[in-house]
Every structure is written in structure tokens, then in C-alpha cells.
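Asker: At position 182 of the first sequence the residue is numbered 182 (UniProt numbering), and the sequence of numbers has no breaks.
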Amino acid sequence: MAADRAASSHLFWRPGADPPPASAALDRGRANDERASAVRNVHAGLSLTQQRVRLPVFADRRRILYLVETFPTVVIVGHTGCGKTTQIPQYLHEAGWTAGGRLVACTQPRRVAAISVAARVAEEMGAELGAGAVGYAVRFDVRADAERTRILYLTHGTLMREMLADPLLSRFSVVMVDEAHERGASTDLCLALLKKVQRRRKDLRLLIASATLEAEALARFFGGTAPMRMRGPDGAVRLQPPVAVLTLVAARAHPVHRCFLARPCADYVAEAVRAVLELHVQQPPGDVLVFLTGQAEIDAARALLTDAMADAMADAMADGGADAKRRRTSLARHEPAARPTELLVLPLHGGLSRDEQLAAFEPPAPGARKVVLATNMAETSITLDGIVYVVDCGFVKQQIFDAQAGTEALVVAPISRAAAKQRAGRAGRTRAGVCLHLYTQRTHAAMRAATAPEVQRCSLDNLVLQLLSVGIRNVAQFDMPTPPPAAHLACALEKLYALGALTDRGALTSPLGERMAELPLTPLLAAMLLGAVEEGCAREALCVAAMLSVQTVWVGCSHKAQDAARAHFAVYEGDHLTLANVLRAFTRARDAPRWASRRGLDARVLQRAVLVRAQLARFLSRFGLPAENCGRETDRLRRSVVRGFFPHAAQRQVGGEYRAVRGGRRLLIHPRSVLFRAPPEWLVYHEVSQLTNGDEAMIDVCKIEPHWLTELAPLFYEVRTAQRGA
DNA sequence: GAGCACTGC
1 MAADRAASSH LFWRPGADPP PASAALDRGR ANDERASAVR NVHAGLSLTQ
51 QRVRLPVFAD RRRILYLVET FPTVVIVGHT GCGKTTQIPQ YLHEAGWTAG
101 GRLVACTQPR RVAAISVAAR VAEEMGAELG AGAVGYAVRF DVRADAERTR
151 ILYLTHGTLM REMLADPLLS RFSVVMVDEA HERGASTDLC LALLKKVQRR
201 RKDLRLLIAS ATLEAEALAR FFGGTAPMRM RGPDGAVRLQ PPVAVLTLVA
251 ARAHPVHRCF LARPCADYVA EAVRAVLELH VQQPPGDVLV FLTGQAEIDA
301 ARALLTDAMA DAMADAMADG GADAKRRRTS LARHEPAARP TELLVLPLHG
351 GLSRDEQLAA FEPPAPGARK VVLATNMAET SITLDGIVYV VDCGFVKQQI
401 FDAQAGTEAL VVAPISRAAA KQRAGRAGRT RAGVCLHLYT QRTHAAMRAA
451 TAPEVQRCSL DNLVLQLLSV GIRNVAQFDM PTPPPAAHLA CALEKLYALG
501 ALTDRGALTS PLGERMAELP LTPLLAAMLL GAVEEGCARE ALCVAAMLSV
551 QTVWVGCSHK AQDAARAHFA VYEGDHLTLA NVLRAFTRAR DAPRWASRRG
601 LDARVLQRAV LVRAQLARFL SRFGLPAENC GRETDRLRRS VVRGFFPHAA
651 QRQVGGEYRA VRGGRRLLIH PRSVLFRAPP EWLVYHEVSQ LTNGDEAMID
701 VCKIEPHWLT ELAPLFYEVR TAQRGA
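1. Look at the Cβ atom of residue 550, then the Cβ atom of residue 608, and state whether they are nearer than 7 Å.
2. Name, in chain order, the residues that DSSP records as bridge partners for residue 437.
3. Please state the DSSP three-state secondary structure of residue 702.
4. Pull up the distance between the alpha-carbon of residue 542 and that of residue 616, whole angstroms please.
5. Taking Cβ positions, are residue 611 and residue 586 nearer each other than 7 Å?
6. Between residue 185 and residue 463, is the Cβ-Cβ spacing less than 7 Å?
7. Could you check if residue 309 is buried or exposed, using at least 16 other CB atoms within 10 Å of its CB as the buried criterion?
8. Using a Cβ distance threshold of 8 Å, determine whether the segment 424 to 437 contacts the segment 453 to 468, with at least three qualifying pairs required.
9. At 4 residues or longer, and completely inside the segment 625 to 671: list those alpha helix (DSSP H) runs for me, N to C.
10. For residue 686, which of helix, strand or coil comes out of DSSP?
11. Between which two residues does the beta strand (DSSP E) containing residue 51 stretch?
12. What is the rounded straight-line gap between the Cα of residue 150 and the Cα of residue 133?
13. Within the continuous alpha helix (DSSP H) that includes residue 491, where are the two ends?
14. Please report the Cβ distance between residue 737 and residue 701, rounded to the nearest whole angstrom; I am assuming they are in contact, meaning their Cβ atoms lie under 8 Å.
15. State the Cα-Cα distance for the pair residue 343 and residue 284, rounded to the nearest angstrom.
16. Would you mind stating whether residue 434 and residue 257 have Cβ atoms separated by less than 7 Å?
17. Using the Cβ count rule (16 or more neighbours within 10 Å means buried), how would you classify residue 136?
18. Taking the alpha helix (DSSP H) that residue 380 falls in, what are its first and last residues?
19. Hey, is the segment 95 to 105 in contact with the segment 166 to 177, meaning 3+ C-beta pairs nearer than 8 Å?
20. Starting from the C-beta of residue 78, find all residues in its chain whose C-beta is less than 6 Å away, skip the five residues before and the five after it, and write them out in chain order.
21. Please report the straight-line C-alpha distance between residue 371 and residue 275, rounded to a whole angstrom.
22. Using only the alpha-carbon positions, how far apart do residue 59 and residue 53 sit?
23. Please tell me whether residue 244 and residue 67 are closer than 7 Å, where the distance is taken between their beta carbons.
24. Under a three-way DSSP split, which group does residue 68 fall into?
25. Measuring alpha carbon to alpha carbon, tell me which residue in 410, 445, 144 and 523 is nearest residue 420.
26. Would you mind reading off the limits of the alpha helix (DSSP H) that contains residue 538?
27. Under DSSP, the alpha helix (DSSP H) around residue 213 begins and ends at which residues?
28. Pull up the distance between the alpha-carbon of residue 280 and that of residue 525, whole angstroms please.
29. I'd like the span of the alpha helix (DSSP H) that includes residue 415, first residue to last.
30. Once the 5 residues before and after residue 28 are set aside, which same chain residues still bring their CB inside 6 Å of it?
31. Flag this pair as yes or no: are the beta carbons of residue 470 and residue 578 separated by less than 7 Å?
32. So, using beta-carbon positions, are residue 207 and residue 198 closer together than 7 Å?
33. Between the segment 360 to 370 and the segment 379 to 389, are three or more C-beta pairs nearer than 8 Å?
34. Do residue 423 and residue 392 come within 7 Å of each other at the CB atom, strictly closer than that value?
35. What do you get for residue 170, buried or exposed, if any count of 16 or more other CB atoms within 10 angstroms of its CB means buried?
36. What is the DSSP secondary structure of residue 31, counted as helix, strand or coil?
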């Protein structure tokens, strides 16, 4: 097992053998803040060295180096654009922390950030990315040199994988965890494990970069231990308090004027449309960013805006725009002469193809105003230039774990004050901006200060599996930045036990549980794939697992076109088998990108599914498991799906709606499913999402036979029956 | 008969 893991280390490879970053296309649009400010400096005619010295963080260079030498852990509080991500690893490198072949690591929550920051730092250091001192490591894309790389940018997930292969992170002298305030599950897990590693590696230094709000909690997490004996770079051992906090000088940001509603509004989509139209008529040029919760709202808002603009054009022809002057507003009015006349409305959400997403980054034609209708995607993942106005609906769609039902669902929930501030900040990047919050100040005051850490909101089966696989036996007692709810842990343990990943004493089973922990899949998908080996259809299950691991492949704005595309591949067994068909057809197609676009499929997403499938196949062969083909015996593939997804079984009721077999929750088949028009009596679903009317719909469903549940998951269903009887 | 937040391995 240990040998397997060492072999699976993602971080040291054959130099230069990897293809160029596939995600370069969006780099321009998604450019990291520091990169954007560097670009501005290039325009100002500054050399790279001059630019480095001008960054706010430079003033604290010596202090940072002193603290890292002195304290095991340093929490760095710094705002975006201050230069911490690009500069601090270079300072550490220059100060000797990479001597003797050691590495400085800097982790990011997102792939694009890791890649684009590494590219920027390589440029500053005059190094060839991946071949010299700077490299990066993200899934499917590693550019680093085993001998020469000294500064390595990676994602939190990649660092987790590295810890599985090398639990003491023996090649690293310093690990900087960036954007720790986002408190993603993998970030928290990294922090918890790093704290543990540090107890056995007195020379390991940690830097935790966080926004102000979470810094204190993180410092408390790392500071909650007695003084530690630390070995300094001079070799001397000293007793030190475990953590220091350093606040960096904030980067200059433009002020944002934030407005709230006087009275609550009943329909924030309509209110957002009204706000955009008012801004457009009354405010000077500048683009608008509207935050909504999902594709449906974005489509509705787009239709309303388009109609309103058509009406306005007609009105303007009739009375010269007098109507617009009657609209109320909380903002000062500007001379209409300065206002742009045309309104360019662009959607931005995960369901769009890469090209459609890129359209939102294009500057509008001269004289026109751009309105981007976006999901939460625009809050942290991407940065749009030229935004001066932000409209914030105050809600977000997020994953919520329901301990009663034992499953999670996507639901619309109020955002936090920190998120509202982050959204508002998007207006102040180019110049002074305005943010309209579509709720009252009283509502704002009642929002929670910060979004709950993900470990408190999501299903914990993955986290528990990862903890057990790194040797943490008492999961409930494990020291985390925020402890996960006990009830959620209990659900995860029960589910993992029913999946066969745990012994009745709560240890990882061998080899099933160990293999599940190692596969880069959610536990249910991992159980499905490994169950498929038993059923003799792992070849097909690899397709299903890969397709359910990537974003939706059905793209295109019109629902009709999507329906037609799906109908082309649909099979009565359901979405899982349909998706497998799509992937196999894509692989066989001669000109795959063209083949995909002609059928309304996203070739980039399918290409990624091909990579995932290949990676999963390598895991199976490393486990020594065969990937057999079941051909026409599709029952075996559906049985495999049940082996993983039995906790998600549902039965159709008289009225046509469904009830979850476990928990009894009322569910509908999502209209996107190929089984929407042919609902089977029994099925298992992949995920649940809340519809706009509040109903909960199952996304990606598979028709099953009811006796498979008791046959393949007796621990989950028969124990239950016995309890009911007792 | 009505339409899937975002990451990550």
C-alpha cells in the first residue's frame, strides 16, 4: 500500500513531459488580482524589479522573514492585490528556505490561480515555468522539475494527495496556505493535517494567508497549544509560542458607495432588472455586474431586460425618454448626455460553454453599457474588468446537508455580510463604484457575519474517508479549525459502513475502504466503480464515474436544443447509461470537437471526462482490478450504480412525485433528466437541487429494481426494517 | 410540463 502511494505522488515527474496548461484560454479573464496589477505596471513602463518593490507587501519583507524564522506558524492578514501570493514565496527563496533541495509550497483553492500565479512568478524570476525554480502542480497538469523547482504552487487538493504519498511532507521547508479564509473543506482539512505534521516536523514552517475576518479564528486554531521547541535555520532549538499574526498594509482600493432598499422586495429578479434599468438611464458609463443565484434566474432577468429595452426604445421614439425621469432612485442623477444608449446583456454561469463565458469578458462597443448577469462564480473565481456598478440580490445557491435525510441538497440561502462586502468590492476595481443591495439594512444586519465553513454544511463522507486513510482513528475528536457537526459525522460513518468502507469498529476496510479513499471520486461514485468490478462492468462504470465527476456536457442556451441533444442519446435505463453512451460516442468520433458541437455537447467538458476516465482506469489497474465490459447486459451496470447510490433511492407515488426510501423526503425528477417523461417506479439519483418554486428535484437518475436495494445494501435497508419492526 | 452554486483530487 505504501509503495502504491509513493508511486502515486503527483509532485515529481519527468521534466517537461506535460502539455501546456489547458486552462490558459481563460487566464486572461480569470487573471489573479496580483497579475492584473502587474499588467497595469507593465503599461506604466516599470521593470519587473521596480514592480516588485512597489507592491505593498515589500515594506514588510524583513518582518515576514523574521517572523517565519521565529514562529512555527504565521498568520498573514492581507487584502487582495497586496502581493503576498507572488512575493512571499520569493522572499523565502531568497532568504535561503529552499537551500539543500527543499521546496517552498504555496497552495491555492483553485487551479487557475495556482497556474497563473506560478506563471507570473516564473516571469519575475526570469525562470522557465516548470523547468526552472518555479513550477505548479494541479490535477492533470503538472509543470515542475524534480531537481530545479524551488517554489511550487499547487491546489489544496493536490497537497492533500501529496500528504497521502508523503505524510511528513519531507521535501517542503515552508507551506503557505493562501485564501484560508474561504474555509473550503479541503482547505480546513489541509490546515488540520499541517498542524499535525508540524508536531513531528519541528523545522516545518506554516504561513496562513487569510482575510481579516477569519484570521483570528485561524490564529486561535494554531495557537491553541503550548509553546513548541523549534529548530531555526541556524540549527539552534528554541522554545517559541506557536503562532504570530502579521497584518499587511492594505492595497489601495477605490471606494464603493453601498445602497440598501428602504423596504424589502418580494421578487429580487424583478427588482434587479428595475435597478439595472435605472442605473442605465441615470448613471454615467461603466459596466454592471448582477449577482443572482442560478441559471433560471439569469435567463428570466435577461428576458425581462431585453423586453424592457425594446419597450424603452419604442418609448424613446415616442416621447424622448421623459418616462425614465419619473423613475425613483436613491442615487444622484447625472447628465443624460453622458449615458450610453445601448445595453449589452451577457449571462455568466457554470452551465455555459467556454466561448459563451468568454463573451462576458469582452469590452462592450463604444457607447454601449455591458450588464453581466452572474452566479456566485463572479464572487471569487473570476474577475471582470470595467465593473463600476454591482447589483446584489443577497442570496446564493449552496450545498446544505440535511442530517435528518442524511443527504445534501442545493438550496437558495441568504449570503453573509462578508460575502455582501466581497460582492460590493467588485464595483471598485477600476474606479469608485456603486453597489445596490436588494435588501434592507435591517436584513443586512441580521445576516451572519461570515459564511459557515464548508465542513459544517456539506456531507462529510469524503472528509471522514480521507482522515481515516491518513491514520486518524477517532474522527470525532480530531482537531479541526471548526469541528464538523456530530450528527453529520454520524451520518457519514453510517453511510461509509453501509458502503463497506468501514469495519464495525470504525476502521478503514482493506482493501475496499483504502481503495475508496484513494480514488479521486466522491465515496458513492468510488463505491459504484469498485462495485462494478464485482458486476463485471467496470469498463462502462468508468464512463459513468467520469461523466458524473465533470460539469454538465449539455450546453447551449435554448432548452429545446438541449432536449433534442439529450434525446439523441437517451436510453430507458436513465441518465447514467445515457451519459456513458455520450462519452463512448465522443471517444469514437473522428473529429471529436466538431462532432460534439454539432450535437449540442461541450467538447472541452467531454475532453476532461476522457482524462478523468483514463486516470480512474490507471487506479483500477494499479489495484490489479479488471475493467470488463458487460455489453448488452446493462442490468449489471445499473446494479453497480445501486452498489454506490443505494442511499439515494426513491419510489414513485400515486401523484407522480417521489419519496426518498430513506427519510421520506418528497422529490421530483428534474426536467433535465431523460426519464422526466418516462418516470420509473424505483430509481436512484445522483444529486438533489432546489427548483425556483422551492420543490426539490433529482438530477441524473437511474431506473432500478427494488429487490436490488435489499440484496446489495442489506446493512442500510434491512437494519432499518428491523428497527421499525422493533 | 418546466429548467442543475462553485471548487478540488
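Ideal Cβ placement from N, Cα and C applies to all residues, glycine included.
This structure is a prediction, so every number in the text was calculated from the model and none was measured.
Answerer: Taking the definition as stated:
1. Looking up residue 550 in the first sequence gives position 550. Looking up residue 608 in the first sequence gives position 608. Less than 7 Å divides the Cβ of residue 550 from the Cβ of residue 608.
2. In the first sequence, counting from the first residue as 1, residue 437 sits at position 437. In the DSSP output, where bridge partners are listed per residue, residue 437 has 392.
3. Against the first sequence, residue 702 aligns to sequence position 702. In the structure shown, residue 702 sits in a strand (DSSP, three-state: E or B).
4. Here the question's residue 542 lines up with position 542 in the first sequence. Here the question's residue 616 lines up with position 616 in the first sequence. Rounded to the nearest whole angstrom, the C-alpha separation of residue 542 and residue 616 is 7 Å.
5. For the purposes of this step, residue 611 is taken as residue 611 along the first sequence, with counting starting at 1. For the purposes of this step, residue 586 is taken as residue 586 along the first sequence, with counting starting at 1. Contact: no.
6. Numbered from its first residue, the first sequence carries residue 185 at position 185. Numbered from its first residue, the first sequence carries residue 463 at position 463. Their beta carbons are under 7 Å apart, which means residue 185 touches residue 463 by this criterion.
7. For the purposes of this step, residue 309 is taken as the residue at position 309 of the first sequence. By the neighbour-count rule (16 or more Cβ atoms within 10 Å), residue 309 is buried.
8. Put simply, the segment 424 to 437 does not touch the segment 453 to 468. Fewer than three CB pairs are less than 8 Å apart.
9. Counting only runs that start and end inside the segment 625 to 671, the alpha helix (DSSP H) elements of at least 4 residues fall at 634 to 645.
10. The residue given as residue 686 occupies position 686 in the first sequence. Residue 686 falls in the strand class under three-state DSSP.
11. The count along the first sequence starts at 1 and reaches residue 51 at position 51. Here residue 51 belongs to no beta strand (DSSP E); instead the alpha helix (DSSP H) covers 48 to 54.
12. In the first sequence, counting from the first residue as 1, residue 150 sits at position 150. In the first sequence, counting from the first residue as 1, residue 133 sits at position 133. Their backbone Cα atoms lie some 5 Å apart in a straight line.
13. Sequence index remark: in the first sequence, residue 491 carries index 491 (1-based). Unbroken alpha helix (DSSP H) run through residue 491: 486 to 498.
14. Coverage of the chain is limited to positions 1 through 726, which leaves residue 737 absent and any answer about it impossible.
15. As a first step, residue 343 is located in the first sequence; it is residue number 343 there, counting from the start. As a first step, residue 284 is located in the first sequence; it is residue number 284 there, counting from the start. Those two C-alpha atoms are separated by around 13 Å.
16. The residue given as residue 434 occupies position 434 in the first sequence. The residue given as residue 257 occupies position 257 in the first sequence. A contact, by the Cβ cut-off of 7 Å.
17. By one-based count along the first sequence, residue 136 stands at place 136. Flag for residue 136 reads buried.
18. Counting from one through the first sequence, the residue named residue 380 turns up at place 380. 377 to 380 is the extent of the alpha helix (DSSP H) around residue 380.
19. Yes, the segment 95 to 105 is in contact with the segment 166 to 177.
20. The residue you call residue 78 lines up with position 78 of the first sequence. Excluding five sequence positions before and after residue 78, the CB atoms of its chain that fall closer than 6 Å to its own CB belong to 84 and 248, given in chain order.
21. For this step, residue 371 is matched to residue 371 along the first sequence. For this step, residue 275 is matched to residue 275 along the first sequence. Cα to Cα, residue 371 sits roughly 11 Å from residue 275.
22. On the first sequence, residue 59 is found 59 positions in, with the first residue counted as 1. On the first sequence, residue 53 is found 53 positions in, with the first residue counted as 1. In this structure, the CA atom of residue 59 is about 8 Å from the CA atom of residue 53.
23. Here residue 244 refers to the residue found at position 244 of the first sequence. Here residue 67 refers to the residue found at position 67 of the first sequence. Yes.
24. As a first step, residue 68 must be located in the first sequence, where it is residue number 68. Residue 68 sits in a helix when the DSSP states are folded into three classes.
25. Working through the first sequence from its first residue, we reach residue 420 at position 420. If we check each option's Cα against that of residue 420, 445 comes out closest.
26. Residue mapping note: residue 538 aligns to position 538 of the first sequence, counting from 1. Where residue 538 is concerned, the enclosing alpha helix (DSSP H) starts and stops at 538 to 549.
27. In the first sequence, residue 213 corresponds to position 213, counting from 1. According to the DSSP assignment, residue 213 belongs to the alpha helix (DSSP H) that extends over 212 to 223.
28. Within the first sequence, the letter at position 280 stands for residue 280. Within the first sequence, the letter at position 525 stands for residue 525. Rounded to the nearest whole angstrom, the C-alpha separation of residue 280 and residue 525 is 48 Å.
29. In the first sequence, counting from the first residue as 1, residue 415 sits at position 415. Where residue 415 is concerned, there is no enclosing alpha helix (DSSP H), given that its DSSP letter is neither H nor E.
30. Along the first sequence, read from residue 1 onward, the residue named residue 28 stands at position 28. Any answer about residue 28 is weak, because its pLDDT of 37 lies below 50 and its placement is not dependable; what the coordinates show is given next. Closer than 6 Å at the Cβ level, and outside the excluded window around residue 28, lies no residue.
31. As a working note, residue 470 is residue 470 in the first sequence. As a working note, residue 578 is residue 578 in the first sequence. Cβ distance not < 7 Å, so residue 470 and residue 578 don't count as in contact.
32. Along the first sequence, read from residue 1 onward, the residue named residue 207 stands at position 207. Along the first sequence, read from residue 1 onward, the residue named residue 198 stands at position 198. No; because the gap between Cβ atoms is not below 7 Å, this pair is not in contact.
33. Here the segment 360 to 370 makes contact with the segment 379 to 389; the two share three or more CB pairs at distances below 8 Å.
34. Here residue 392 refers to the residue found at position 392 of the first sequence. Here residue 423 refers to the residue found at position 423 of the first sequence. Note that the C-beta distance between residue 392 and residue 423 is below 7 Å.
35. As a first step, residue 170 is located in the first sequence; it is residue number 170 there, counting from the start. Residue 170 sits exposed, since fewer than 16 C-beta atoms from the chains shown fall within 10 Å of its C-beta.
36. Position 31 of the first sequence, counted from the first residue, corresponds to residue 31. The pLDDT assigned to residue 31 is 40, lower than 50, so where the model puts this residue is not dependable; a value taken from the coordinates is nonetheless given after this. Secondary structure at residue 31: coil, using DSSP grouped into helix, strand and coil.
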